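Q: Just dropping this structure here.
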Amino acid sequence: MAAYPATRMRRLRQADWTRRMVRETTLTPDDLIWAIVVSESADPRQPVAAMPGADRLSVAETAKAARRARELGIPALALFPHINPAKKDEVGSAGTDPDGLVCQTIKAVKDAAPEVGVMVDVALDPYTTHGHDGVLRDGEILNDDTVARLTDQARAFAEAGADVIAPSDMMDGRIGVLRGMLEDDGFTNTLIMSYAAKYASAFYGPYREAVGSATALQGDKKTYQMDPANIEEALREVELDLEEGADMVMVKPGLAYLDIVHAVKQAFQAPTYAFQVSGEYAMIKAAGANGWIDEDRAILETLMAFRRAGANGVITYFAEHAADMLGA
Ligand code: PBG
Numbered sequence: 031m032a033a034y035p036a037t038r039m040r041r042l043r044q045a046d047w048t049r050r051m052v053r054e055t056t057l058t059p060d061d062l063i064w065a066i067v068v069s070e071s072a073d074p075r076q077p078v079a080a081m082p083g084a085d086r087l088s089v090a091e092t093a094k095a096a097r098r099a100r101e102l103g104i105p106a107l108a109l110f111p112h113i114n115p116a117k118k119d120e121v122g123s124a125g126t127d128p129d130g131l132v133c134q135t136i137k138a139v140k141d142a143a144p145e146v147g148v149m150v151d152v153a154l155d156p157y158t159t160h161g162h163d164g165v166l167r168d169g170e171i172l173n174d175d176t177v178a179r180l181t182d183q184a185r186a187f188a189e190a191g192a193d194v195i196a197p198s199d200m201m202d203g204r205i206g207v208l209r210g211m212l213e214d215d216g217f218t219n220t221l222i223m224s225y226a227a228k229y230a231s232a233f234y235g236p237y238r239e240a241v242g243s244a245t246a247l248q249g250d251k252k253t254y255q256m257d258p259a260n261i262e263e264a265l266r267e268v269e270l271d272l273e274e275g276a277d278m279v280m281v282k283p284g285l286a287y288l289d290i291v292h293a294v295k296q297a298f299q300a301p302t303y304a305f306q307v308s309g310e311y312a313m314i315k316a317a318g319a320n321g322w323i324d325e326d327r328a329i330l331e332t333l334m335a336f337r338r339a340g341a342n343g344v345i346t347y348f349a350e351h352a353a354d355m356l357g358a
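Residue 31 is where the sequence shown starts when you use the working numbering, and the numbers rise one by one after that.
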């Protein structure tokens, strides 16, 4: 490269048109997956204190959101349930109920906007009295017993019409078992997006309020979710999940883990997603509400950062607003 003044880097930044010409990364509504917490309540929208603007939606309101996603060009929704605490038990029975909240919502969304993909979280934490993602016995989360329950849950979701099964539990071997079940039961087109590198993170706090597992949770999730210090372990997790039959892999949380997103994309060249989780949402909203940052710019800048790091897309509670700003 020629030295200054033959090279003046600012020449390319002088106008909007030059900046657009040399832009290396794109962000469009195609890159967004809209995270929505669904509730059993008939109230169309119920506010979540720690997530202003990301209300829990009723089933009917979620169906409307699906039509809105179609209009905005958002390819898919990711659904998370808030169920009545009275329905929780030790093993998360409500999570495998074929008539349960998630199954009803999948059907309502596919009726309202069949062109929009529906992704569902596979894990037991919204349904267990102890708030863990799996079956708890004598203080231990039992891996294989949990995988068996998750298989029933995923089957119910696939039967209800889910397009993407997204196991967020971090049990070992679950992707292989789920893929085997989907093949055996005739769901050969059902996709799996694995929460492959999911860290034991402080950034899930607001979500646990949103799905009502915060007060329930006993202890922490460090025996199944990953240590934030590790990167090699993330690559091993992703490799296993791809070998076991994941179509897409996810890194979670997002912004604090962009190095992981980048490393995963470089190592495997597989469809790779980042989850901009509830705590990341809450931080941007809180700073925005105080006038400390320009909220809209921060939203678009963080989403672009995920793309620049190598993510094919981002699961985000900001999807509707971001797509609106991007002007589908
Ligand atoms: C649980 C699950 C969590 C999230 C998605 N699925 C929380 C957890 O592992 O405790 C977090 C989502 C968010 O924070 O936005 N299986």
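Backbone N, C-alpha and C fix where the C-beta goes; we use that ideal spot for every residue, glycine too. Computed from a predicted model, the values in this text were never measured in an experiment.
Are the beta-carbon atoms of A300 and L272 separated by less than 8 Å?
A: Their beta carbons are under 8 Å apart, which means A300 touches L272 by this criterion.
Q: Kindly provide the ranges of any alpha helix (DSSP H) runs that are 4 or more residues long and lie completely inside the stretch 144–227, ordered along the chain.
A: Listed in chain order, they are 173–190, 204–214.
Q: Which residues bound the alpha helix (DSSP H) around T92?
A: Looking at the DSSP string, the run of the alpha helix (DSSP H) that includes T92 is 89–102.
Q: Our contact map puts A226 next to E267 with C-beta atoms below 8 Å; I'd like the distance itself, whole angstroms only.
A: Yes, they are in contact, since the Cβ atoms of A226 and E267 sit about 5 Å apart, within 8 Å.
Q: Hey, is F298 close to the ligand PBG, as in C-beta under 7 Å from one of its heavy atoms?
A: Answer for F298: no, Cβ out of range of the ligand PBG.
Q: Can you tell me which residues form a DSSP beta bridge with A106?
A: Bridge partners of A106: I63, G147.
Q: So, with DSSP's three-state summary, where would you put F348?
A: It is coil, neither helix nor strand.
Q: How should T181 be labelled, buried or exposed, when 16 other C-beta atoms within 10 angstroms of its C-beta is the threshold for buried?
A: It is buried - the Cβ of T181 has at least 16 other Cβ atoms within 10 Å.
Q: Does the beta-carbon of L42 have 16 or more other beta-carbons within 10 angstroms, so that it is buried, or is it exposed?
A: Flag for L42 reads exposed.
Q: K24: beta carbon under 7 Å from a heavy atom of the ligand PBG?
A: Residue 24 lies beyond the range of the chain shown here (31 to 358); nothing can be said about it.
Q: Between Y303 and the ligand PBG, is there a pair consisting of the residue's CB and a ligand heavy atom that are separated by less than 7 Å?
A: The answer is no for Y303.
Q: Considering T302, what are the terminal residues of the beta strand (DSSP E) in which it resides?
A: T302 -> beta strand (DSSP E) spans 302–306.
Q: Give a yes or no on whether the C-beta atoms belonging to M149 and A196 are separated by under 8 Å.
A: Yes, these two residues count as a Cβ contact at 8 Å.
Q: Excluding the five sequence neighbours on either side, which residues of its own chain have a C-beta within less than 6 Å of the C-beta of Y287, listed in chain order?
A: Excluding sequence neighbours, Y287 sits near V281.
Q: Mind checking A81: buried by the 16 CB within 10 Å criterion, or exposed?
A: Residue identity differs from the one stated: residue 81 is Met in this sequence, not Ala. The residue in question, M81, is buried, as its Cβ has 16 or more Cβ neighbours within 10 Å.
Q: Beta-carbon within less than 8 Å of D73's beta-carbon, same chain only, minus the 5 sequence neighbours each way: which residues are those?
A: Closer than 8 Å at Cβ, skipping near neighbours: S88.
Q: Going by DSSP, what residue range makes up the alpha helix (DSSP H) through V139?
A: Residues 131–142.
Q: Mind checking who R86 pairs with in its DSSP beta bridge?
A: Beta-bridge pairing links R86 to Q76.
Q: Determine the DSSP secondary structure at S69, reduced to helix, strand or coil.
A: In this structure, S69 counts as strand in the three-state DSSP scheme.
Q: Please name the residue or residues paired with V241 in a DSSP beta bridge.
A: V241 is not bridged to any residue.
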